[in-house]
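Q:
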Amino acid sequence: MNELKPASEVTGENKTPTNFIHTMIEEDIRNGKNGGRVHTRFPPEPNGYLHIGHAKSICLNFGTALKYNGKCNLRFDDTNPVKEDVEYVDSIRDDVHWLGFDWEDREFFASDYFQQIYEFAEKLILKGKAYVCDLTAEQIAEQKGSPTRPGQESPYRNRSVEENLDLFRRMKAGEFAEGARVLRAKIDMSSPNMHLRDPLLYRIIHTDHHRTGNQWCIYPMYDFAHGQSDSIEGITHSICTLEFEVHRPLYDWCIRELEIFAPQQIEFARLNITYTVMSKRKLLELVKNDYVSGWDDPRMPTISGLRRRGYTPESIRNFADIVGVAKRENVIDVGLLEFCIREDLNKRANRVMGVINPVKLVITSFPEGVVEEMNAVNNPEDPDAGTRKVAFTRELYIEREDFMEDPPSKFFRLAPGREVRLKYAYIIKCESVVKDPLTDEITEIHCTHDPETLSGRSDSTRKVKGTLHWVSATESIEAEIRLYDRLFMGEDPEDVPEGEDYKKTLNPDSLKVVKGYVESSVANTQTLDKYQFERLGYFCTDIDSKPGKPVFNRTVALKDSWAKSNANK
RNA sequence: UGUCCGAUAGUGUAAUGGUAACACGUCUGAUUUUGGUUCAGAAGAGUCUAGGUUCGAGCCCUAGUCGGACAACCA
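Per my numbering: the first sequence ends with 1495, consecutive numbering throughout.
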């Protein structure tokens, strides 16, 4: 079910998500810019796990390349050794791949270009466009001014080319302490754009890099690495999120001063989803402080979390298509994501019966010790999925919510004196209930069955309002069921009273673990197998699942118009 | 008091000077051995405001309003 398809089959061509980026690209192609070539890149920093917002970017970048017969590179933007780690590199590779995209042999690292970028820096120094500055971080910040107030020029701004070159080379040689000096671009301290006020290009960091080890002790800043990397790779369209819009003049400045190939940076609005947070910093905090079990906790909006939750790559790609690409800030209703996975799983997931809040039901008219094999359809949406047998016995479990002693008129399920069909089995009638004398809790429901109504029989045409799922009390297997709800209680977790923190809005009931029973056909279930538990929702086998002791995650519940109409009252 | 960006049904996204469409959501009804699916249908915006250009403006221009981004040796 999750087999990887070639990238060429997964998206692009047939779907036409017309958006402003594609409009721009088509114009570039028409004008013969870059010889009509389209080359994009997905440039994550390996300092955390990818989330659904990255998925949107991945689909955009790889999808765009596919659509215009171009290429898309995977490039790790690893210019800050103190935050980055190989663990993240590996997870990013896995996630992009799992989503269904292939970067072939074009896996790059900004750190691959450190030497080249260093030479770019020397070139700038030689041109008199960069200088070594000895000010402290605090002093630089102070002299930067504010958006409405111009900055002041550094006293080191007019060092000679020779002195700058000498100092920069000694920075590289490790002669100076961390933070002692930086290389700065010489642009305009009174520019209305803060990023043009002599931005930092290089800083000294005496930390081993996950790829280059101790080879370097100076590292380029984002602004002096990203555009250069794009240029080196021949990226034609460098797609990024809105917050980099103000960086674009600097991006262009560097390219122009360096006189190298000029990619075009295009910005789009990042994805936001209701009831979740989408920043690596916050997600990292949730992981580090054990608010969740890890980056792949099924409640996390990470790709690995969604995967473990039971989402399919197809559903996520489709979601990325549906939400569209634009420049205005947006918040997508999490219901749309749920729609996408239901739509996909409805077609693909086999049905199975499982009871997650069991109450015993005894068919008093059915003989003891007899096991009747009922025929069940695996997937009504897919005739090729075939059928299976489900064991029916005198004692069964049904869902506690499927019985009411004193039901409202619109309740179609079981109640004293009422009839329902047991799916794939008989119509039964409730005769009595047994209660715990102490708690008044119903412990057993006693019913009789009508043997003439066996499912599938030509003469079993009697109609009843309700059909219940069930499981044999003796032939089913016990399972751990993990029921997930949204991680945060409020639509916007950031929307908290002054001085409070988004973590205050964490939903204490986002995970409920229950013991349930499932039909024995799933005894040999494998990790990530997906099912629809009839009438309940879509479930997927968790990595914690063991043979004989299955564990299922609820991916998403089925739509429930009954529950909804009740909730509205 | 700065610069940049944005503003279209509840939420998103289209409409590229010709009279607002699609998806999700909502609401009906039909079918259904899943209160699922499917099918049929409905309601819901006159495009932030004010001017202007034009035969004609959601699209172009101007001003304003509101929202966002920008002052990390992060990316």
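Cβ atoms here follow ideal geometry from the backbone N, Cα and C, with glycine treated the same way.
How about the stretch 1318-1326 and the stretch 1284-1298: do they share at least three Cβ pairs that are nearer than 8 angstroms?
A: With the cut-off at 8 angstroms, the stretch 1318-1326 and the stretch 1284-1298 touch.
Q: Measure the alpha-carbon distance for residue 1410 versus residue 1422 and round it to whole angstroms.
A: The residue given as residue 1410 occupies position 484 in the first sequence. The residue given as residue 1422 occupies position 496 in the first sequence. Straight-line Cα distance between these residues: approximately 23 angstroms.
Q: Please determine, among 1130, 962, 1355, 1338, the residue with the shortest C-alpha to C-alpha distance to residue 1392.
A: Here residue 1392 refers to the residue found at position 466 of the first sequence. Residue 1392 has its Cα closest to that of 1338, out of 1130, 962, 1355, 1338.
Q: Determine the DSSP secondary structure at residue 1232, reduced to helix, strand or coil.
A: For the purposes of this step, residue 1232 is taken as residue 306 along the first sequence, with counting starting at 1. It is helical.
Q: With respect to the alpha helix (DSSP H) encompassing residue 1016, which residues constitute its N-terminal and C-terminal limits?
A: On the first sequence, residue 1016 is found 90 positions in, with the first residue counted as 1. Note, residue 1016: alpha helix (DSSP H), 1012-1025.
Q: Under three-state DSSP, which class holds residue 1054?
A: Along the first sequence, read from residue 1 onward, the residue named residue 1054 stands at position 128. Of the three classes helix, strand and coil, the one that applies to residue 1054 here is coil, per DSSP.
Q: My output table needs one value for residue 1120: the three-state DSSP class, helix, strand or coil.
A: Taking the first residue of the first sequence as 1, we reach residue 1120 at position 194. Correct three-state label for residue 1120: helix.
Q: According to DSSP, simplified to helix, strand and coil, what is residue 1173?
A: The sequence position of residue 1173 within the first sequence is 247, counting from 1. In the structure shown, residue 1173 sits in a helix (DSSP, three-state: H, G or I).
Q: Between residue 1211 and residue 1427, what straight-line distance do the alpha-carbon atoms span, to the nearest angstrom?
A: Locating residue 1211 in the first sequence gives position 285, where the first residue counts as 1. Locating residue 1427 in the first sequence gives position 501, where the first residue counts as 1. The alpha-carbon atoms of residue 1211 and residue 1427 are separated by roughly 12 angstroms.
Q: Could you tell me how far apart the beta carbons of residue 1324 and residue 1285 are, in whole angstroms, since I believe they sit closer than 8 angstroms?
A: Your numbering for residue 1324 matches position 398 in the first sequence. Your numbering for residue 1285 matches position 359 in the first sequence. Indeed, because the Cβ distance is near 6 angstroms, the residues count as touching under 8 angstroms.
Q: So residue 991 is in the alpha helix (DSSP H); what residue range does that whole segment cover?
A: Reading the first sequence from its first residue, position 65 is the one you call residue 991. Taken as a continuous stretch (DSSP letters only), the alpha helix (DSSP H) holding residue 991 covers 978-993.
Q: Give the DSSP-derived three-state secondary structure of residue 1298 in the structure shown.
A: By 1-based counting over the first sequence, the position of residue 1298 is 372. Three-state DSSP puts residue 1298 in a strand.
Q: Residues in the same chain with beta-carbon distance under 7 angstroms from residue 1313, minus the five sequence neighbours each way, listed in chain order, please.
A: Position 387 of the first sequence, counted from the start, is the residue given in the question as residue 1313. The answer, listed in chain order, is 1301, 1302, 1303, 1304.
Q: Using three-state DSSP, classify residue 1265 as helix, strand or coil.
A: As a first step, residue 1265 must be located in the first sequence, where it is residue number 339. In this structure, residue 1265 counts as helix in the three-state DSSP scheme.
Q: Can you list, in chain order, the residues of its chain whose CB lies under 7 angstroms from that of residue 1382, leaving out five sequence neighbours each side?
A: Reading the first sequence from its first residue, position 456 is the one you call residue 1382. 1301.
Q: May I have the straight-line CA-CA distance separating residue 1380 from residue 1346, to the nearest angstrom?
A: For the purposes of this step, residue 1380 is identified with residue 454 of the first sequence, where counting begins at 1. For the purposes of this step, residue 1346 is identified with residue 420 of the first sequence, where counting begins at 1. When rounded, the distance between both Cα atoms is 12 angstroms.
Q: Nearest to residue 1217 by CA position, among 1088, 1413, 1258, is which residue?
A: Sequence index remark: in the first sequence, residue 1217 carries index 291 (1-based). Nearest C-alpha to residue 1217: 1413.
Q: Would you say the stretch 1053-1061 touches the stretch 1084-1101, given that touching needs at least three Cβ pairs under 8 angstroms?
A: The stretch 1053-1061 is in contact with the stretch 1084-1101.
Q: Considering residue 1458, what are the terminal residues of the alpha helix (DSSP H) in which it resides?
A: The residue you call residue 1458 lines up with position 532 of the first sequence. No alpha helix (DSSP H) contains residue 1458, which is instead part of the beta strand (DSSP E) from 1456-1459.
Q: Would you report the Cα separation of residue 1111 and residue 985, rounded to the nearest angstrom?
A: As a first step, residue 1111 must be located in the first sequence, where it is residue number 185. As a first step, residue 985 must be located in the first sequence, where it is residue number 59. Each residue's Cα considered, the two are about 35 angstroms apart.
Q: Using beta-carbon positions only, say whether residue 1245 and residue 1263 come within less than 8 angstroms of one another.
A: Indexing the first sequence from 1 puts residue 1245 at position 319. Indexing the first sequence from 1 puts residue 1263 at position 337. Cβ distance < 8 angstroms, so residue 1245 and residue 1263 count as in contact.
Q: DSSP three-state call for residue 1160: helix, strand or coil?
A: The residue you call residue 1160 lines up with position 234 of the first sequence. Note: residue 1160 maps to coil in three-state DSSP.
Q: Contact between the stretch 1146-1159 and the stretch 1032-1050 is defined here as three or more beta-carbon pairs at a separation below 8 angstroms; is this criterion met?
A: The stretch 1146-1159, when compared against the stretch 1032-1050, does touch it at the 8 angstroms Cβ threshold.
Q: Where does the unbroken alpha helix (DSSP H) through residue 948 begin, and where does it stop?
A: Taking the first residue of the first sequence as 1, we reach residue 948 at position 22. Note, residue 948: alpha helix (DSSP H), 946-956.
Q: Applying the 10 Å Cβ sphere with the 16-neighbour rule, what's the burial state of residue 1116?
A: Here residue 1116 refers to the residue found at position 190 of the first sequence. So residue 1116 ends up on the exposed side.
Q: Among all the DSSP beta bridges, which residues are the ones paired with residue 1393?
A: As a first step, residue 1393 must be located in the first sequence, where it is residue number 467. Bridge partners of residue 1393: 1347.
Q: On a Cα-Cα basis, can you pick out the residue from 1401, 1031, 1477, 1277 that is closest to residue 1311?
A: Position 385 of the first sequence, counting from 1, holds the residue named residue 1311. The shortest C-alpha separation from residue 1311 is found at 1277.
Q: Between residue 1109 and residue 1047, how many whole angstroms is the CB-CB distance? I'm expecting something under 8 angstroms.
A: Taking the first residue of the first sequence as 1, we reach residue 1109 at position 183. Taking the first residue of the first sequence as 1, we reach residue 1047 at position 121. Right, their Cβ atoms sit about 6 angstroms apart.
Q: May I ask you to report which of helix, strand or coil DSSP gives residue 1093?
A: One-based indexing of the first sequence puts residue 1093 at position 167. DSSP places residue 1093 in helix when its eight states are reduced to three.
Q: Report buried or exposed for residue 1332, applying the criterion of at least 16 other Cβ atoms within 10 angstroms of its Cβ.
A: The residue given as residue 1332 occupies position 406 in the first sequence. The residue is exposed, with fewer than 16 neighbouring Cβ atoms inside 10 Å.
Q: State the CB to CB distance for the pair residue 1199 and residue 1258, rounded to an integer number of angstroms; the pair is presumed to be in contact (CB under 8 angstroms).
A: Taking the first residue of the first sequence as 1, we reach residue 1199 at position 273. Taking the first residue of the first sequence as 1, we reach residue 1258 at position 332. That pair is a contact at about 5 angstroms.
Q: Leaving out five residues before and five after residue 1158 in sequence, what residues of the same chain have Cβ atoms less than 7 angstroms from its Cβ?
A: For this step, residue 1158 is matched to residue 232 along the first sequence. Once the five neighbours on either side are set aside, the close Cβ partners of residue 1158 are 1039, 1042.
Q: In the DSSP assignment, find the unbroken beta strand (DSSP E) run with residue 1126 in it and report its ends.
A: Position 200 of the first sequence, counting from 1, holds the residue named residue 1126. Segment 1126-1130, the beta strand (DSSP E) holding residue 1126.
Q: Looking only at its chain, what residues have a beta carbon closer than 7 angstroms to the beta carbon of residue 1032, apart from the 5 residues adjacent to it on each side?
A: Taking the first residue of the first sequence as 1, we reach residue 1032 at position 106. Same-chain partners within the cutoff: 997, 999, 1000.
Q: Which first and last residues belong to the beta strand (DSSP E) in which residue 1276 is found?
A: Taking the first residue of the first sequence as 1, we reach residue 1276 at position 350. Segment 1276-1278, the beta strand (DSSP E) holding residue 1276.
Q: Specify, as a first and last residue, the run of the alpha helix (DSSP H) that residue 1314 falls within.
A: Here residue 1314 corresponds to residue number 388 of the first sequence, with the count starting at 1. Taken as a continuous stretch (DSSP letters only), residue 1314 belongs to no alpha helix (DSSP H), being part of the beta strand (DSSP E) at 1313-1318.
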